[in-house]
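Residue numbers (the numbering used here), protein chains in the order written: chain A, 384 to 598; chain B, 2 to 11. Just so you know, even glycine gets a beta-carbon here, dropped at the ideal spot from N, CA and C. Since we're looking at a predicted model, the values are computed, not measured.
See below:
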C-alpha cells in the first residue's frame, strides 16, 4: 500500500469520525443528507460482499467492517434517535434515491468487467459512490448556515477520492500497468462533483469567513 | 488474471 492510498483511507475514515462526532456531541444532524448517508450504506453493502468470499488483509477486513458499521449507525441516528431525528432537515433533503441508484444499476449491468453477481454489484457500488454526494451537495446549497463540522466532513469526503486518483496513477506506474477504466473514470467524476464545493471551502478558509455556497 | 487489482482497495 502506498502513501496516497493510506492518506485516502485515513481521510475517508476521518470524515466519518467527524460526522459521528457532530451527531453524538451536538445531538444534531442539521445540514446532513439522510439520502446520501443511505446511499453510502448501499455502496458499502454491495461493495463489501467479498468479505465473505476472500480475505485480503487484516487492515482491509477491519476497515470494511468499520465503514459498514459507522455508515449504518449514522443512518440509525438520523432515522431513529429521538433527539437527533428532530434536527434532520427533511423538507430540504428531497433528492430521490432511485434517481441515482437505478441508472447506476443499469450502467453496471451494461458496463462491467465480468458478468457475475459480485462483480456487477461491485461495479454498481463504484458508480453509485461517484454520485452519492449529490443529495448532500443540494442540501448544502439550500442551507443558509453550514456549520464547520459539516463543511469539514464534506471536504474530507471529497479529498479522499482525490487521493485515490493519485494512488491509481502511482499504482499504474509502479505495479502492473493495468488500466482500470471503471474505478478511474468513476473516481474522476466523483472528485469533479466536489470541485465547486472545494473552491468555496478553500475561499472561506483563506478569508476566514463562514462557508456559504451560492444558490 | 485477477479481475481487478483495485479489489484490495476500499
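Notebook entry, point to check: Hey, does residue 388 of chain A have any beta-carbon neighbour from chain B nearer than 8 Å?
Noted result: yes
Notebook entry, point to check: Is the beta carbon of residue 500 of chain A less than 8 Å from the beta carbon of residue 491 of chain A?
Noted result: no
Checklist line | Proximity test, Cβ basis, 8 Å: residue 446 of chain A and chain B | finding: yes
Check: In whole angstroms, what separates the C-alpha of residue 471 of chain A from that of residue 462 of chain A?
Finding: 9 Å
Notebook entry, point to check: Mind pulling the alpha helix (DSSP H) runs of 4 or more residues that sit fully within the stretch 399 to 455 of chain A?
Noted result: 417 to 430
Check: Hey, out of A:453, A:572, A:554, whose CA is closest to residue 406 of chain A's CA?
Finding: A:453
Notebook entry, point to check: So, residue 508 of chain A versus residue 429 of chain A, is the Cβ gap smaller than 8 Å?
Noted result: yes
Margin query: Under 9 Å, CB to CB, which of the residues in the stretch 438 to 463 of chain A have a partner in chain B?
Written below: 439, 440, 443, 446, 447, 450
Next item on the list: Please list, in chain order, all residues of the same chain as residue 553 of chain A whose beta carbon is under 6 Å from its beta carbon, the five residues on each side excluded.
Entry: 385, 387
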